[in-house]
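*Asks:* Starting off with a structure, shown below.
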Amino acid sequence: MDALLGGGILAAQAISLVIITSGVLQNAVQLIQFSVAARSLSRDKPVESAALLWRRYGNLVPPVAILAPAYNEELTVVESVRTMLALRYPRYEIIVINDGSSDNTLNRLIEAFALEPSVRAHETVLHHAPIRAVYTSRDFPSLVVIDKKNGGKADALNAGISLARAPVFCAIDADTLLEPDALLRAVRPMIEDPARVIAVGGSIRIANGCRFEAGRITEIGLPRNLLALFQTVEYLRAFLVARLAWSKAGALTIISGAFGVFRRGLVIEAGGYRTDLVGEDMELVVRLHHHMQRSGKAYRIAYLPEPLAFTEVPETLRALASQRARWQRGALESYFAHKSMTLNPRYGRVGLLGLLHMLLVYVVGPPLEVCGYILIPLLWLGGFLSLPWFLAFLAVTFAFGVAISVATLLLAERQLRRFPKISQLALLLAVAVLENFGYRQLNTIWRLKGWWQFARKRGEWGTMTRKGFAPSSPDRKSQ
1 MDALLGGGIL
11 AAQAISLVII
21 TSGVLQNAVQ
31 LIQFSVAARS
41 LSRDKPVESA
51 ALLWRRYGNL
61 VPPVAILAPA
71 YNEELTVVES
81 VRTMLALRYP
91 RYEIIVINDG
101 SSDNTLNRLI
111 EAFALEPSVR
121 AHETVLHHAP
131 IRAVYTSRDF
141 PSLVVIDKKN
151 GGKADALNAG
161 ISLARAPVFC
171 AIDADTLLEP
181 DALLRAVRPM
191 IEDPARVIAV
201 GGSIRIANGC
211 RFEAGRITEI
221 GLPRNLLALF
231 QTVEYLRAFL
241 VARLAWSKAG
251 ALTIISGAFG
261 VFRRGLVIEA
271 GGYRTDLVGE
281 DMELVVRLHH
291 HMQRSGKAYR
301 IAYLPEPLAF
311 TEVPETLRAL
321 ASQRARWQRG
331 ALESYFAHKS
341 MTLNPRYGRV
351 GLLGLLHMLL
361 VYVVGPPLEV
371 CGYILIPLLW
381 LGGFLSLPWF
391 LAFLAVTFAF
401 GVAISVATLL
411 LAERQLRRFP
421 KISQLALLLA
431 VAVLENFGYR
441 QLNTIWRLKG
451 WWQFARKRGE
461 WGTMTRKGFA
471 PSSPDRKSQ
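When we follow UniProt numbering, the leftmost residue of the sequence shown carries the number 1, and every step to the right adds one.
Pasting the structure below:
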């Protein structure tokens with residue numbers, strides 16, 4: 001009996017060691033990311049003045065096509081297009097792709113911008129669902145609207161790439177609102193390093209709680225919804241720390257589908273967006289790495305910490321759970337499509353660091369973390385695990401998470417001045433502590449659900465309630 005009990009204790013400690021070691025490794029990676037991001041922000045200050053940006057780069061910028069796929073976005077699409085029309089950029093066109101919407105998205109665009117049927121000569125360089133009509137605006141010559149059969153976001157982007165005429169395209173969501181100088185900031189790395197920079201990702205801020213008028217932000221605010229507040233902290237940590245650090249390491253594996261700039265020719269060479277995946281934004285970036293590494297050409301995929309775009313986030317548990325499960329499926333699809341790059345020296349830093357990080361965080365992370373939440377408390381309560389082991393797990397799970405979240409907020413405020421009121425920063429500091437006790441665990445469970453959907457090759461896009469960006473917009477459903 002004693003031998004059986006001793007064996008049980010040894011097994012419990014072995015399981016705990018694996019779980020705690022995994023947590024320590026992930027926390028160590030986050031600490032390194034934070035250090036790299038803090039050093040980068042202190043050395044490379046963002047250019048604050050839009051006028052200075054214009055003087056430096058206004059005559060050097062390449063023409064850009066902004067591609068905005070829209071599916072049932074009637075509440076936000078008009079305001080989003082207005083922000084695009086208000087951009088401070090010398091040479092650009094806006095291509096909105098209505099991807100077979102079943103609501104009034106197309107009619108709202110026709111009425112708001114005086115659209116008329118038009119003919120646009122183009123070559124179908126990427127496969128996509130049939131185009132039903134092309135519209136141009138009498139009042140806004142730079143605006144083009146494509147009406148096509150539904151094929152999904154990736155399919156819509158491929159259609160936009162085919163019709164685009166600029167050498168650079170900017171892929172955004174139709175519910176994304178851009179800062180007036182967003183495009184000018186985004187192409188700056190391409191101007192400063194034209195031979196190497198092939199794609200640029202920008203920072204995304206949460207629109208919930210902000211006020212917008214005539215396509216421009218008039219007041220930076222915070223959401224009143226607790227879930228949206230949690231996501232505010234989460235977005236800061238993910239964008240400001242993680243993506244900036246991976247960009248500096250040359251191993252950035254994702255550019256948000258809400259805002260990213262790419263060289264059109266290279267994306268076409270790589271095959272465009274895959275239409276059979278839900279994580280088309282991450283998969284494209286990993287495939288660009290794969291394509292460039294095999295070609296042997298020097299290249300760089302950059303990330304900018306400046307806030308460039310605003311997007312609305314889910315405010316219900318159901319919508320958020322669906323979104324996070326979908327993100328997890330997309331990450332797994334992207335990883336397993338390119339898993340041969342993992343730890344393969346042929347693919348440089350992205351193989352040795354970026355794909356290894358994807359393996360640990362997206363493949364191994366969710367099931368191991370859920371096991372830790374269930375097993376370690378049970379093992380401790382059953383007497384199979386000593387108190388020091390249990391306290392080590394709590395420290396890894398909660399204490400470090402709180403420290404990183406709070407430090408990220410303070411870093412963002414010191415370097416970027418993102419919150420105009422001290423009360424906003426104080427509220428977010430409280431949220432940064434609170435998110436580690438419940439919200440983080442829910443996220444892990446949702447990610448595990450995404451793992452299960454991926455394993456079963458099942459899963460839906462889900463629904464999200466949009467409120468729109470106008471101050472008086474009523475609550476309505478879009479899908």
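The beta carbon of each residue, even a glycine, is placed where N, CA and C say it ideally should be.
Since we're looking at a predicted model, the values are computed, not measured.
If I follow the unbroken beta strand (DSSP E) through Pro69, where does it start and stop?
*Replies:* Locating residue 69 in the sequence shown gives position 69, counting from the first residue. Here the beta strand (DSSP E) through Pro69 covers 64-70.
*Asks:* Looking only at its own chain, which residues have a Cβ that is under 6 angstroms from the Cβ of Ala412, when we skip the five neighbours before and after it?
*Replies:* Indexing the sequence shown from 1 puts residue 412 at position 412. These residues qualify, in order along the chain: Leu236, Leu240, Arg418.
*Asks:* Could you say which of Leu448, Lys339, Val363 lies nearest to Ala321 if we only look at CA atoms?
*Replies:* Counting from one through the sequence shown, the residue named residue 321 turns up at place 321. Out of Leu448, Lys339, Val363, Leu448 has the C-alpha closest to the C-alpha of Ala321.
*Asks:* Is Arg243 buried or exposed, if buried means 16 or more other CB atoms sit within 10 Å of its CB?
*Replies:* For the purposes of this step, residue 243 is taken as residue 243 along the sequence shown, with counting starting at 1. Arg243 comes out buried.
*Asks:* Return the CA-CA distance between Phe113 and Arg82, expressed in angstroms with no decimal places.
*Replies:* On the sequence shown, residue 113 is found 113 positions in, with the first residue counted as 1. On the sequence shown, residue 82 is found 82 positions in, with the first residue counted as 1. Going from the Cα of Phe113 to the Cα of Arg82 covers about 9 angstroms.
*Asks:* Buried or exposed, going by whether 16 or more other CB atoms sit within 10 Å of the CB of Pro471?
*Replies:* The residue given as residue 471 occupies position 471 in the sequence shown. Any reading at Pro471 must be qualified, since the residue scores a pLDDT of 46, below 50, and its modelled position is unreliable; the value itself is stated next. It counts as exposed.
*Asks:* Using the C-alpha atoms, what's the distance from Leu17 back to Phe384?
*Replies:* Indexing the sequence shown from 1 puts residue 384 at position 384. Indexing the sequence shown from 1 puts residue 17 at position 17. Approximately 13 angstroms between the Cα atoms of the pair.
*Asks:* Thr311 and Val285: beta carbons closer than 8 angstroms?
*Replies:* For the purposes of this step, residue 311 is identified with residue 311 of the sequence shown, where counting begins at 1. For the purposes of this step, residue 285 is identified with residue 285 of the sequence shown, where counting begins at 1. No; because the gap between Cβ atoms is not below 8 angstroms, this pair is not in contact.
*Asks:* Under DSSP, the alpha helix (DSSP H) around Asn158 begins and ends at which residues?
*Replies:* One-based indexing of the sequence shown puts residue 158 at position 158. Asn158 -> alpha helix (DSSP H) spans 153-163.
*Asks:* Nearest to Arg120 by alpha carbon, out of Leu368, Ala28, Ala86, Val145?
*Replies:* Within the sequence shown, the letter at position 120 stands for residue 120. For Arg120, the nearest C-alpha among the options comes from Val145.
*Asks:* Would you call the CB atoms of Thr208 and Glu116 closer than 8 angstroms?
*Replies:* Numbered from 1 along the sequence shown, position 208 holds the residue referred to as residue 208. Numbered from 1 along the sequence shown, position 116 holds the residue referred to as residue 116. Per the sequence presented here, residue 208 reads as Asn, with Thr not at that position. In this structure, Glu116 does not lie closer than 8 angstroms to Asn208 by Cβ.
*Asks:* Taking the beta carbon of Thr21 as the centre, do at least 16 other beta carbons fall within 10 Å, making it buried, or is it exposed?
*Replies:* Taking the first residue of the sequence shown as 1, we reach residue 21 at position 21. The residue is exposed, with fewer than 16 neighbouring Cβ atoms inside 10 Å.
*Asks:* What does DSSP give as the partner residue(s) for Ala302 in the beta ladder?
*Replies:* For the purposes of this step, residue 302 is identified with residue 302 of the sequence shown, where counting begins at 1. For Ala302, which the question treats as bridged, DSSP gives the partners Val200.
*Asks:* For Val370, which option in Ile19, Leu10, Ala14 has the closest C-alpha, if you only look at C-alpha atoms?
*Replies:* Numbered from its first residue, the sequence shown carries residue 370 at position 370. When each option's Cα is compared against that of Val370, the closest is Ile19.
*Asks:* Would you mind stating whether Leu343 and Leu332 have Cβ atoms separated by less than 8 angstroms?
*Replies:* Residue mapping note: residue 343 aligns to position 343 of the sequence shown, counting from 1. Residue mapping note: residue 332 aligns to position 332 of the sequence shown, counting from 1. Cβ atoms of Leu343 and Leu332: not closer than 8 angstroms.
*Asks:* Starting from Thr218, trace the alpha helix (DSSP H) in both directions and tell me its first and last residue.
*Replies:* As a first step, residue 218 must be located in the sequence shown, where it is residue number 218. Not the alpha helix (DSSP H): Thr218 falls in the beta strand (DSSP E), residues 216-219.
*Asks:* Which same chain residues, not among the five before or five after Leu359, have their C-beta less than 7 angstroms away from its C-beta?
*Replies:* Position 359 of the sequence shown holds residue 359. So the list reads Tyr335, Thr342, once near-sequence residues are dropped.
*Asks:* Considering only C-alpha positions, which residue in the set Phe259, Leu60, Gly250 is nearest to Ile191?
*Replies:* Position 191 of the sequence shown, counting from 1, holds the residue named residue 191. Checking every option, the nearest Cα to that of Ile191 belongs to Leu60.
*Asks:* Who does Glu116 pair with in a DSSP beta bridge?
*Replies:* One-based indexing of the sequence shown puts residue 116 at position 116. According to DSSP, which records beta bridges pairwise, Glu116 is partnered with Thr136.
*Asks:* Does the stretch 99-113 come close enough to the stretch 187-204 to have 3 or more Cβ pairs within less than 8 angstroms?
*Replies:* No, the stretch 99-113 does not touch the stretch 187-204.
*Asks:* Considering only C-alpha positions, which residue in the set Ala337, Thr176, Ile172 is nearest to Leu277?
*Replies:* For the purposes of this step, residue 277 is taken as the residue at position 277 of the sequence shown. Per the Cα distances, Ala337.
*Asks:* Would you kindly work out how many angstroms separate the C-alpha atoms of Arg349 and Val363, rounded to a whole number?
*Replies:* Taking the sequence shown and counting its residues from 1, one reaches residue 349 at position 349. Taking the sequence shown and counting its residues from 1, one reaches residue 363 at position 363. If I take the Cα positions, the gap works out to 19 angstroms.
*Asks:* Could you pull the DSSP bridge partners for Lys248 from this structure?
*Replies:* For the purposes of this step, residue 248 is identified with residue 248 of the sequence shown, where counting begins at 1. Answer is none; Lys248 lacks a bridge partner.
*Asks:* Report the rounded CA-to-CA distance for Lys153 versus Arg43, giving the unit in angstroms.
*Replies:* By one-based count along the sequence shown, residue 153 stands at place 153. By one-based count along the sequence shown, residue 43 stands at place 43. Going from the Cα of Lys153 to the Cα of Arg43 covers about 37 angstroms.
*Asks:* In this structure, how does DSSP classify Cys371 when only helix, strand and coil are distinguished?
*Replies:* Position 371 of the sequence shown, counting from 1, holds the residue named residue 371. Here Cys371 sits in helix by DSSP.
*Asks:* Out of Ala399, Tyr303, Val313, state which residue places its alpha-carbon closest to the alpha-carbon of Ser40.
*Replies:* For the purposes of this step, residue 40 is identified with residue 40 of the sequence shown, where counting begins at 1. Nearest option by C-alpha distance: Tyr303.
*Asks:* Can you tell me whether Gly296 is buried or exposed, with buried defined as 16 or more other CB within 10 angstroms of its CB?
*Replies:* Sequence index remark: in the sequence shown, residue 296 carries index 296 (1-based). By the 10 Å Cβ count, Gly296 comes out exposed.
*Asks:* Could you tell me if the beta carbon of Ser101 falls within a distance shorter than 7 angstroms of some heavy atom in the ligand COA?
*Replies:* Among the ligands in the structure shown, none appear at all, so the ligand COA cannot be discussed.
*Asks:* Which residue or residues does DSSP assign as beta-bridge partners of Cys170?
*Replies:* Stepping through the sequence shown from its first residue, residue 170 is reached at position 170. DSSP lists Ile66, Val261 as partners of Cys170.
*Asks:* Looking only at C-alpha atoms, which of Leu356, Phe393, Gly382, His357 sits nearest to Tyr373?
*Replies:* If you number the sequence shown from 1, residue 373 lands on position 373. Nearest option by C-alpha distance: Phe393.
*Asks:* Which class does Asp147 belong to by DSSP, given the choice of helix, strand or coil?
*Replies:* Against the sequence shown, residue 147 aligns to sequence position 147. Strand.
*Asks:* For Ala399, which of Ile15, Gly23, Leu10 has the nearest alpha-carbon?
*Replies:* Along the sequence shown, one-based indexing puts residue 399 at 399. Comparing Cα-Cα distances from Ala399 to each of Ile15, Gly23, Leu10, the minimum goes to Gly23.
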